[in-house]
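Novice: Heads up, the sequence shown is in numbering that gives the first Met the number 0, so the first residue is 0 and it goes up one at a time.
Cβ atoms here follow ideal geometry from the backbone N, Cα and C, with glycine treated the same way.
Computed from a predicted structure; not experimentally measured.
Quick one: structure below, then a few questions.
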Amino acid sequence: MTRFTLLLLKKNDTGARQFHFGSFVLFLILFIVTTASAGLGYLFYDQNKKMISQQQVILEQETMHADLQRRIDMFDGREARIEFLEDYVEELKQNAYTSEITLKKHMALMESSILRISRLHDSMCGILSISCVIEGSDQMQPTKEVDWLHNMQKDFDLMDKALKKFALNRKSFEEQAVTIEELQAQLKQMEQNLAEHVEYIEVNQSTIDRLNRKISKATGISLNRKSSKLKSSKSSKGRGGPSLMDYFTLENNEELKQPGMLRKRLYQETESLDLGVSSLEKLSLAIDKNYLNWRQTPSLIPIRSRLLSDRYGKRRDPFTRKWEFHGGLDFIARNGTPVLAPADGIVRLAKRHYGFGKMVELQHGRGFYPGQKKTVRYRTRYAHLSKILVKRRQRINRGDVIGLVGSTGRSTGPHLHYEILINNRRSDPMLTISRFNSEKRLYVR
């Protein structure tokens, strides 16, 4: 059996002294040290637990203190609101009292005014000897104020008619005869002036119609809306207006009775018509100088439909549902709807082409573009047709039918895909259509 012995040496004057400690002593020392360490560790653990418990108590006390302070602040705010509401209610009471006094004053004033009106009403009824709706003994009651005022208005209307009748009867028969002779003479003069005026308008209208047709043929831009207000007086529909005698019922009719005054007024009204003719003549001369460029400008909408399913730009592809670029306008139309050429040109392509289906491409040449002084090269495309009605290299005029609407190629239903290429680059067709067809709006469904 192995034994442990601890040997200690102590040096002194006579030599070294030895001290022997056996294994039992060593184990006893080790046990004492271990027990002391465990006691100290438990003591530290207990102290730490007490400190944590005290911190939690302090935290709860701080929370309770903050909650208490919040409730105190809330009660203070409620007291302030109660004081404010009490002041506000007091102010409302004061305003109600003031309004009541004002209302009484206005009621007294209104009663006084109604009494004066009643006296005036009774007096006028007696003087004019008319049967009034309101008798003199009737009084206005608070529950029938509207009826009383309505009847009073009727009586005053009767008085007005009676006064007018008396004023007309004051004229003598001799004065009426003189007036009739003057009116007959003026009627003849006015008929002559009106006939000259109508002839002048007809001449200008024929000039405007001729220039409108010429400009529309060259540019494809309709000017009928602007000239519709100047229709000839010979039209069989929509005729009417004031007669010649109606001019003498106007104010200041003495002015119209003066010689030449009606003629002057009629020709003053034609100044705007003269300006319109002058402007159209200048416009026609400018278009004549660039006739070929205007004929090659795609100003016409290629289909009668005004509904769009897709515009130019980014959109969700109907098949992949991804955002992709759309290079034209999609017009909604029935299958077989005619497709028109928007300008003169030559058929560049007329065949089936991949996702475009049956497609026609026109090459127009140089034309005008909105906002630019220089001309540009135009090409237009028409896709998803059900039938192609032209051939390659065929010459086309504006308004010719080049195909029928369909749903060929990569399409979800009948529609027309319309593209405009400017200098070989795709452009938004809406810019050209909106500038050259300002009276026709397109709608996106």
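Please list, in chain order, all residues of the same chain as residue 231 whose beta carbon is under 7 Å from its beta carbon, the five residues on each side excluded.
Specialist: By 1-based counting over the sequence shown, the position of residue 231 is 232. Caution applies to residue 231, whose pLDDT of 38 falls short of 50 and renders its modelled position unreliable; the model cannot decide the point.
Novice: Look at residue 388 and residue 358 and say whether their C-beta atoms are less than 8 Å apart.
Specialist: Within the sequence shown, the letter at position 389 stands for residue 388. Within the sequence shown, the letter at position 359 stands for residue 358. Not closer than 8 Å, so no.
Novice: CB residue 395 to CB residue 344, shorter than 8 Å?
Specialist: If you number the sequence shown from 1, residue 395 lands on position 396. If you number the sequence shown from 1, residue 344 lands on position 345. In this structure, residue 344 lies closer than 8 Å to residue 395 by Cβ.
Novice: Between residue 374 and residue 361, which are expected to be in contact by the criterion C-beta below 8 Å, what is the C-beta distance as a whole number of angstroms?
Specialist: Locating residue 374 in the sequence shown gives position 375, where the first residue counts as 1. Locating residue 361 in the sequence shown gives position 362, where the first residue counts as 1. Incorrect: roughly 17 Å between the Cβ atoms, too far for contact.
Novice: Who are residue 472's beta bridge partners in DSSP?
Specialist: In the structure displayed, the chain extends from 0 to 444; residue 472 sits before or after that span and is not available.
Novice: For residue 390, which three-state DSSP category applies?
Specialist: Position 391 of the sequence shown, counted from the start, is the residue given in the question as residue 390. If DSSP states are grouped into helix, strand and coil, residue 390 belongs with coil.
Novice: If you count every other CB in all the chains shown that lies within 10 Å of the CB of residue 183, and 16 or more means buried, which is it?
Specialist: Here residue 183 corresponds to residue number 184 of the sequence shown, with the count starting at 1. Residue 183 is exposed by the Cβ-count criterion.
Novice: Distance, Cα to Cα, residue 211 vs residue 366?
Specialist: What you label residue 211 is simply residue 212 of the sequence shown in a count that begins at 1. What you label residue 366 is simply residue 367 of the sequence shown in a count that begins at 1. Cα-Cα distance, rounded: 20 Å.
Novice: So which of 423, 411 and 156 has the shortest CA-CA distance to residue 364?
Specialist: As a first step, residue 364 must be located in the sequence shown, where it is residue number 365. When only C-alpha atoms are compared, the closest one is 423.
Novice: For residue 349, list the residues DSSP reports as bridge partners.
Specialist: As a first step, residue 349 must be located in the sequence shown, where it is residue number 350. Bridge partners of residue 349: 359.
Novice: Using the beta-carbon count (16 or more within 10 Å), is residue 46 buried or exposed?
Specialist: Taking the sequence shown and counting its residues from 1, the one referred to as residue 46 is at position 47. It counts as exposed.
Novice: If you reduce the DSSP assignment to three classes, tell me which class residue 35 lands in.
Specialist: Counting from 1 along the sequence shown, the entry for residue 35 is found at position 36. In the structure shown, residue 35 sits in a helix (DSSP, three-state: H, G or I).
Novice: If you draw a straight line from the alpha carbon of residue 443 to that of residue 405, how long is it in whole angstroms?
Specialist: Locating residue 443 in the sequence shown gives position 444, where the first residue counts as 1. Locating residue 405 in the sequence shown gives position 406, where the first residue counts as 1. Their backbone Cα atoms lie some 19 Å apart in a straight line.
Novice: Look up residue 299 in the DSSP assignment and say whether it is helix, strand or coil.
Specialist: Locating residue 299 in the sequence shown gives position 300, counting from the first residue. Three-state result, residue 299: coil.
Novice: Alpha carbons only, please: which of 305, 392 and 292 is nearest the one belonging to residue 372?
Specialist: Counted from its first residue, the sequence shown places residue 372 at position 373. The candidate whose alpha carbon is nearest that of residue 372 is 292.
Novice: Who are the Cβ neighbours of residue 32 in its own chain at under 6 Å, not counting the five residues just before and after it?
Specialist: By one-based count along the sequence shown, residue 32 stands at place 33. Once the five neighbours on either side are set aside, residue 32 has no close Cβ partner at all.
Novice: Return the chain-ordered list of same chain residues with a C-beta closer than 6 Å to the C-beta of residue 247, the five sequence neighbours on each side being excluded.
Specialist: In the sequence shown, residue 247 corresponds to position 248, counting from 1. Unreliable positioning characterises residue 247 in this predicted model, as indicated by a pLDDT of 43, which lies under 50. The coordinate reading is nonetheless provided below. Excluding residues within five positions, none has a Cβ falling inside 6 Å.
Novice: So if DSSP puts residue 329 in a beta bridge, which residue, or which two residues, is it bridged to?
Specialist: Here residue 329 is taken as the residue at index 330 of the sequence shown, counted from 1. DSSP output for residue 329 lists 309 and 416 as bridge partner(s).
Novice: Mapping the DSSP letters down to three states, classify residue 379 as helix, strand or coil.
Specialist: As a position in the sequence shown, residue 379 is number 380, starting the count at 1. Looking at residue 379 - three-state DSSP - the assignment turns out to be strand.
Novice: What separation, rounded to the nearest whole angstrom, lies between the Cα atoms of residue 119 and residue 167?
Specialist: Locating residue 119 in the sequence shown gives position 120, counting from the first residue. Locating residue 167 in the sequence shown gives position 168, counting from the first residue. When rounded, the distance between both Cα atoms is 24 Å.
Novice: Taking 7 Å as the cut-off, is the C-beta of residue 52 nearer than that to any heavy atom in the ligand GDP?
Specialist: No copy of the ligand GDP appears in this structure; indeed no ligand is present at all.
Novice: Give the single residue among 416, 302 and 355 whose Cα lies nearest to the Cα of residue 308.
Specialist: Here the question's residue 308 lines up with position 309 in the sequence shown. The candidate whose alpha carbon is nearest that of residue 308 is 416.
Novice: Give the single residue among 434, 63 and 300 whose Cα lies nearest to the Cα of residue 370.
Specialist: In the sequence shown, the residue the question calls residue 370 occupies position 371. Ranking 434, 63 and 300 by Cα distance to residue 370 puts 434 first.
Novice: Sorted by chain position, which residues of the same chain lie with C-beta nearer than 6 Å to residue 426's C-beta, five sequence neighbours on each side aside?
Specialist: Residue 426 sits at position 427 when you count from the first residue of the sequence shown. Result list for residue 426: 419, in chain order.
Novice: Does the separation of the CB atoms of residue 296 and residue 377 fall below 8 Å?
Specialist: Counting from one through the sequence shown, the residue named residue 296 turns up at place 297. Counting from one through the sequence shown, the residue named residue 377 turns up at place 378. Their beta carbons are under 8 Å apart, which means residue 296 touches residue 377 by this criterion.
Novice: So, at 6 Å on beta carbons, what are the nonlocal neighbours of residue 75 in its own chain, with the 5 sequence-adjacent residues on each side left out?
Specialist: The residue you call residue 75 lines up with position 76 of the sequence shown. Closer than 6 Å at the Cβ level, and outside the excluded window around residue 75, lies no residue.
Novice: Should residue 402 be labelled buried (16 or more other beta-carbon atoms within 10 Å of its own) or exposed?
Specialist: Numbered from 1 along the sequence shown, position 403 holds the residue referred to as residue 402. So residue 402 counts as buried.
Novice: Could you give the C-beta distance for residue 298 and residue 330, rounded to a whole number, given that I count them as a contact under 8 Å?
Specialist: Here the question's residue 298 lines up with position 299 in the sequence shown. Here the question's residue 330 lines up with position 331 in the sequence shown. Contact flag wrong, Cβ pair sits at about 16 Å.
Novice: DSSP state of residue 434, grouped into three classes?
Specialist: Numbered from its first residue, the sequence shown carries residue 434 at position 435. Of the three classes helix, strand and coil, the one that applies to residue 434 here is helix, per DSSP.
Novice: Ignore the nearest five residues each way along the sequence and tell me which others in residue 440's own chain have a CB closer than 8 Å to its CB.
Specialist: Taking the first residue of the sequence shown as 1, we reach residue 440 at position 441. Same-chain partners within the cutoff: 305.
Novice: Would a C-beta distance cut-off of 8 Å place residue 386 and residue 346 closer than the cut-off?
Specialist: Position 387 of the sequence shown holds residue 386. Position 347 of the sequence shown holds residue 346. Their beta carbons are not under 8 Å apart, which means residue 386 does not touch residue 346 by this criterion.
Novice: I need the straight-line Cα distance from residue 310 to residue 398, nearest angstrom please.
Specialist: For the purposes of this step, residue 310 is identified with residue 311 of the sequence shown, where counting begins at 1. For the purposes of this step, residue 398 is identified with residue 399 of the sequence shown, where counting begins at 1. Cα to Cα, residue 310 sits roughly 23 Å from residue 398.
Novice: Within this structure, are the beta carbons of residue 356 and residue 410 separated by less than 8 Å?
Specialist: Taking the sequence shown and counting its residues from 1, one reaches residue 356 at position 357. Taking the sequence shown and counting its residues from 1, one reaches residue 410 at position 411. The answer is yes: Cβ separation under 8 Å.
Novice: Indicate the three-state DSSP secondary structure (helix, strand or coil) for residue 318 in the structure shown.
Specialist: Position 319 of the sequence shown, counted from the first residue, corresponds to residue 318. Coil, per DSSP.
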